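In what follows, a structure is listed as structure tokens, so that the remarks can point back to it.
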Amino acid sequence: MGVRVRPFECWDDFKRYRMEYYRNYLEAKENGSIRWAGSAWAFDPVPAGLGEDVYPLTGEPYGATAAFFRDFSMRALETIERKGAARDLCGYMRNYWGSVAMDRYLLADGAEIEPFPKPDFNFTIHICCTHAKWYHYAAELEGGVPTYAVDISVGPGYLLNDKKIEYVVRQLEDAIQWMEKVTGREYDDELLIRAVENEARSMTLWSKICKLNQNTPAPMEEKSMFSFYVMTLLRRSDEKVVKLYEKLYKEVESRVKRGIGALTQEQFRFVTDNPPPWPFLKVYRYLEENYGAVSVGSIYTFGLGAAWLGMDEKGENWIWEPAPTPEEAGYEIHDRRSALWWTAMFNLKYRASWQHEYSHWIRKQETYQMVKDWKADAIIMHLNRGCELWNMSTLEVRDYLVRNGISVATYEGNMADPREFDEARTFNVIDSFMQSLGIEKLT
Amino acid sequence: MVVAGIDVGSKMAKVVIMDADRNILSYVMARTGTDHRETSETVLGEALEKAGLKRDDLEKIVATGFGKISVPFADDEVTQVIAAGRGAYFVRPSARTVIEVGAEESRAISLDENGNVRDFALADKCAAGAGSFVDAMIRYLEVTPEEFGQLALQATRAIPMNAQCVVFAESEVVSLLHSNVPKAEISRAIHDAIADRVIAIARRLDIRDDVLLIGGLANDIGFIESMKRELGKEVYVPEDYPPELIPAIGAALSAVQGVR
Ligand code: SF4
Chain H
164 MGVRVRPFEC WDDFKRYRME YYRNYLEAKE NGSIRWAGSA WAFDPVPAGL
214 GEDVYPLTGE PYGATAAFFR DFSMRALETI ERKGAARDLC GYMRNYWGSV
264 AMDRYLLADG AEIEPFPKPD FNFTIHICCT HAKWYHYAAE LEGGVPTYAV
314 DISVGPGYLL NDKKIEYVVR QLEDAIQWME KVTGREYDDE LLIRAVENEA
364 RSMTLWSKIC KLNQNTPAPM EEKSMFSFYV MTLLRRSDEK VVKLYEKLYK
414 EVESRVKRGI GALTQEQFRF VTDNPPPWPF LKVYRYLEEN YGAVSVGSIY
464 TFGLGAAWLG MDEKGENWIW EPAPTPEEAG YEIHDRRSAL WWTAMFNLKY
514 RASWQHEYSH WIRKQETYQM VKDWKADAII MHLNRGCELW NMSTLEVRDY
564 LVRNGISVAT YEGNMADPRE FDEARTFNVI DSFMQSLGIE KLT
Chain R
83 MVVAGIDVGS KMAKVVIMDA DRNILSYVMA RTGTDHRETS ETVLGEALEK
133 AGLKRDDLEK IVATGFGKIS VPFADDEVTQ VIAAGRGAYF VRPSARTVIE
183 VGAEESRAIS LDENGNVRDF ALADKCAAGA GSFVDAMIRY LEVTPEEFGQ
233 LALQATRAIP MNAQCVVFAE SEVVSLLHSN VPKAEISRAI HDAIADRVIA
283 IARRLDIRDD VLLIGGLAND IGFIESMKRE LGKEVYVPED YPPELIPAIG
333 AALSAVQGVR
């Protein structure tokens, strides 16, 4: 008998938020509001202290949205290549730059608006070799937008100490003064405190939701998760995002209780690692429709958006358990310093995607444990030419997993460049992989 | 029961007729040409004729290869990886690593003790690791395929070829010819370069003995030597059947035993 499936009740709420997000950024100036742009990894609660009318545009989700709309993406990529950008640079960044260079802004539904709305300032972080360059060049294309990048490359969370946190906190303190100067606004610490608390709540709620997908049948498949996780990358410090996740948590919990799954026939469970090929999400549909194969999670969606305990204190094992909120940790946030200290510590220590950049070993443990904890039959890895940082240890991880008895398939592509994906060959890889595991096609 | 396995590659179409006891009754290989459908009909007809059989005698036809969709009369299809793995195990049961270099792509397959595919890696984005690269090089050197392989064995020194891409390799070969580098050394350099790229794919897997080389390039003695040298171990080629026939054998085996 098949599994019961049903659409998510809160689907439209997430969709609406995403539509409003891009529109709010676009229309901010009409009401004298502030807009800023930066990496989705930037310390999003910090600009929130400038007022309740501060609207961000985070680059990676924007790049992914652009890539999803292939025609727009092709024009953006070709525009920026004509200006001299190399094809092997970050795919998200090239879509973003191309969009700025074309002076065309994309809304979540694919509508194009002219001109591209310039931010009041760029505020980003620097861990991957792309991040700081991204906004320095964007600033140039935009005709000189003030730009600030916070260096966070202090090492993995389990080796974190006060000195390293302090290094980041001081940069954030400077950033606040800088923001006051470039916007002419007075900074409100109360707003910062609320934003920092919201950030922790959004991220830990998303971890708890991800954990629910360990159940069989899995209540969510990855394509839906792409629409859910992205809130943590758009504006995780927003109270509305916390509310969305609270609602989603309740709904997923109830799906688990009622045995509602993502697929009618869950024949095969897998996880994935890197960002997906956004213009070709049909890879997931192909797996679902032909093999009843459900992606129950990924290092990308879980690692970017959620907060996890991560490596244990000895740096030996990865723990996929939600990180504590300030409340759960008994940490009181009462002023600017304590707020900045928490957000610095929380991200440096618990943001999974900031851990595995430092060592293959961490990524190996993280991936291995994900396959085990989410009861996956295999992992399908995307050899993604669009992102240097995430792709760094993919083949080492693959090797490690195979040696440890885990079935692995790999396919080549680019998360954000439609020209670098071969659909027929990818399906061929999937068929070969499934046949090698003896998985029958659904009739 | 009599079955057929048909492998439609980008350069050659191959058919194997097999009985229920897995005896190969006949096989035919021919250039694919432009009309894959017509070619597959023709090769199948020829193979049946060689075996003294009629189309109605066939109980099942399984297709593989990149042109498998152009075999509308096939009852089922099997991926190249599975077909190559099964065929390789059939011709050499001690094979644990199968390296196939075809006209358009190369792949490496790791087999377990029972001949099941345990892992695989494909290179399909570039012609540099495949037979079409050799075809291009043969044209520049103005030699026959047989001479090309033999020449490499006569080289007295190894010279590196740096180009990763056929287009650049061509200009590198031209400049070596202009510098009066003997063709033997150029041939070896080309073979070493291809072996290097193919081995880079195979190294994604755990390369275990025996290593069996299949696909059209396994006919090239210069390439076999380069593979042995670069891998630092013995490399085998099928003894009783042409190396490019192996996936068609695997397809026929799949027809006998079921695709999965
Ligand atoms: S981590 Fe990847 S996607 Fe993010 S900026 Fe760096 S290269 Fe781009």
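Same order as they appear, the protein sequences are chains H and R. Counting along the first sequence from 1, when you hit position 294 you're at 457 in the working numbering, and nothing is skipped either side. Counting along the second sequence from 1, when you hit position 242 you're at 324 in the working numbering, and nothing is skipped either side. Think of the CB as a built atom: it goes at the ideal place given N, C-alpha and C, for glycine as much as any other residue. Values in this document were obtained by computation on a predicted structure and should not be read as measured data.
Within the stretch 160 to 190 of chain R, contact with chain H at the beta-carbon level (separation under 8 angstroms) is assigned to Val160, Thr161, Gln162, Val163, Ile164 and Gly167. Residues are counted here when their Cβ sits less than 9 angstroms from a Cβ of chain R; for the stretch 260 to 276 of chain H the count is zero. The residue among H:Arg179, H:Asp266, H:Gly195 and H:His289 with its C-alpha nearest the C-alpha of Glu520 (chain H) is H:His289. Just so you know, the alpha carbons of Gly115 (chain R) and Ser108 (chain R) end up roughly 22 angstroms apart. Met83 (chain R) is classed as exposed because its beta carbon has fewer than 16 other beta carbons within 10 Å across all chains shown.
Within 10 angstroms of the beta-carbon of Glu529 (chain H) lie 16 or more other beta-carbons, which makes it buried. Interface residue (Cβ-Cβ distance to chain H less than 7 angstroms): Val85 (chain R) is not classified as such.
Secondary structure at Ile191 (chain R): strand, using DSSP grouped into helix, strand and coil. Every residue whose Cβ sits closer than 6 angstroms to any heavy atom of ligand 1 is listed here in chain order: H:Glu223, H:Cys253, H:Tyr255, H:Met256, H:Cys291, H:Thr293, H:His294, H:Cys550, H:Glu551, H:Leu552 and H:Trp553. As for any beta strand (DSSP E) of minimum length 3 sitting wholly inside the stretch 129 to 214 of chain R, the runs are 140 to 146, 179 to 183, 188 to 193 and 199 to 205, ordered along the chain. Lys374 (chain H) and Arg526 (chain H) have their C-alpha atoms some 19 angstroms from each other. For Met508 (chain H), the CB contacts under 6 angstroms within the same chain, skipping 5 residues up- and downstream, are Ile328 in chain order. Close to Arg119 (chain R), with beta-carbon spacing below 8 angstroms, lies no residue of chain H; the smallest spacing is near 18 angstroms.
In the structure shown, Asn301 (chain R) falls within a helical segment according to DSSP collapsed to helix, strand and coil. Per DSSP, Thr427 (chain H) lies in no alpha helix (DSSP H) and is assigned neither H nor E.
Assignment of beta-bridge partners to Trp199 (chain H) by DSSP yields H:Pro219 and H:Phe284. Chain R has a Cβ within less than 7 angstroms of the Cβ of Val565 (chain H). Contact with chain R is absent for Asp351 (chain H), since none of that chain's Cβ atoms lies less than 7 angstroms from the residue's Cβ.
Here Asn262 (chain R) is exposed. Its C-beta has fewer than 16 other C-beta atoms within 10 Å. For Asp314 (chain H), the enclosing beta strand (DSSP E) has its first and last residue at Thr310 to Asp314. Around the beta carbon of Ser308 (chain R), a 10 Å sphere encloses 16 or more other beta carbons of the protein chains shown; the residue is thus reported as buried. Annotated three-state conformation of Ala469 (chain H) is coil, per DSSP.
Around Val592 (chain H), the beta-carbon contacts reaching into chain R at under 8 angstroms are Leu204. When the five nearest sequence neighbours on each side are left out, the beta carbons in the same chain lying within less than 6 angstroms of the beta carbon of Ala541 (chain H) are those of Phe433 and Ser570, in order along the chain. Taking a cut-off of 8 angstroms for Cβ pairs, the stretch 276 to 291 of chain H and the stretch 192 to 202 of chain H touch, as three or more such pairs fall below it. Arg286, Leu287 and Asp288: these are the residues of the stretch 258 to 288 of chain R whose beta carbon lies less than 8 angstroms from some beta carbon of chain H, given in chain order. Counting along the chain, the unbroken beta strand (DSSP E) around Glu484 (chain H) starts and ends at Trp481 to Pro485. If you draw a 10 Å sphere on the C-beta of Arg398 (chain H), you find 16 or more other C-beta atoms in it, and that means buried. Residue burial annotation: Pro170 (chain H) is exposed, with fewer than 16 other C-beta atoms found within 10 angstroms of its C-beta. For chain R, none of the residues of the stretch 424 to 439 of chain H brings a beta carbon within less than 8 angstroms of one of its beta carbons. Scanning chain H for C-beta atoms nearer than 7 angstroms to the C-beta of Val199 (chain R) yields Ser599, reported in chain order.
Leaving aside the five residues that flank Asn198 (chain R) on each side, the residues in its chain whose CB is nearer than 8 angstroms to its CB run, in chain order, Gly167. Of H:Thr367, H:Arg364, H:Pro438 and H:Ile423, the smallest CA-CA separation from Phe389 (chain H) is found for H:Pro438. With respect to Val217 (chain H), Leu335 (chain H) sits apart: the two C-beta atoms are not nearer than 7 angstroms. Asn547 (chain H) is bridged by DSSP to H:Gly576. By DSSP's assignment, Glu275 (chain H) forms a beta bridge with H:Leu269.
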